[in-house]
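Q:
In my numbering, the protein residues as written are 8 to 264.
1. With DSSP collapsed to three states, give me the class of residue 39.
2. Output the distance between the C-alpha atoms of residue 20 and residue 26, rounded to the nearest integer angstrom.
3. Measuring straight from C-alpha to C-alpha, what distance separates residue 61 and residue 146?
4. Smallest Cα separation from residue 53: which of 74, 209, 92 and 68?
5. Rounded to whole angstroms, what is the Cα-Cα separation between residue 78 and residue 58?
6. Starting from the Cα of residue 175, find the closest Cα among 15, 30, 16 and 40 and give me that residue.
7. In this structure, how does DSSP classify residue 54 when only helix, strand and coil are distinguished?
8. So is residue 11 buried or exposed if we call it buried at 16+ other beta carbons inside 10 Å?
9. Using C-beta distances below 6 Å, list every residue in its chain close to residue 236, excluding the 5 sequence neighbours before and after it, in chain order.
10. Is it right to say residue 178 is buried, meaning 16 or more other beta carbons lie within 10 angstroms of its own, or is it exposed?
11. Would you tell me roughly how many angstroms separate the C-alpha atoms of residue 218 and residue 211, rounded to the nearest one?
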């Protein structure tokens, strides 16, 4: 199997982008706050090399097996990143913020249900059972990622996160890439690979490379410090918040009776 010059350039650019981003995460010690995200970037870098050589020198069957196997692991890592970002946003002090936690899980349930419905009605054209469910999983993951990142943007305003914090920058890039991947994956699954399939793949790859550059620049820069309160003041406010929540729950119970 041979590759065009453009395909070779995109493949090489993808490997270079992931590798540089991985070095930034390791050198700037961002991996400590985002271990799953770092693992995903490292996996993407390794997958690019492996799939290139399998595609170039292996058989169609071998490449198909390697591609779908890598896609399955990629899906699991993306779900892990969603949880990692939510944990960073909604658990800034080591304890879940109850109001934000309830809001997040409510939106997560609604988003997951919506993603399931959309993934159900789109019928992938993959012939193999594994490919069929992986494509549905990709649609579900992309839709859920967009919804959850938007939810975290609202939660960040409530929790006072600065606009250019690393967790939000990762979320923004992930949302842009997931939105483009959702549109291209949906078109690919619904119309089939013959419907501008090659162009859709290149648009998705180019978008991911642009997002990778954005992550490299953002994660290399130091994260602006969020204004913090003295420990005793923060403890007092946390206790006051819990007390108010408890009293509000009691009032609601009284109103029901």
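From the three backbone atoms N, C-alpha and C, an ideal C-beta is built for every residue, glycine too.
A: Judging by the given coordinates:
1. helix
2. 10 Å
3. Cα to Cα, the separation comes out at about 25 Å.
4. 74
5. 11 Å
6. That would be 40, whose Cα lies nearest to the Cα of residue 175.
7. Residue state, collapsed to three classes: helix.
8. exposed
9. Because residue 236 carries a pLDDT of 44, less than 50, the predicted location of this residue cannot be relied on, and the following value inherits that uncertainty. Closer than 6 Å at Cβ, skipping near neighbours: no residue.
10. buried
11. 11 Å
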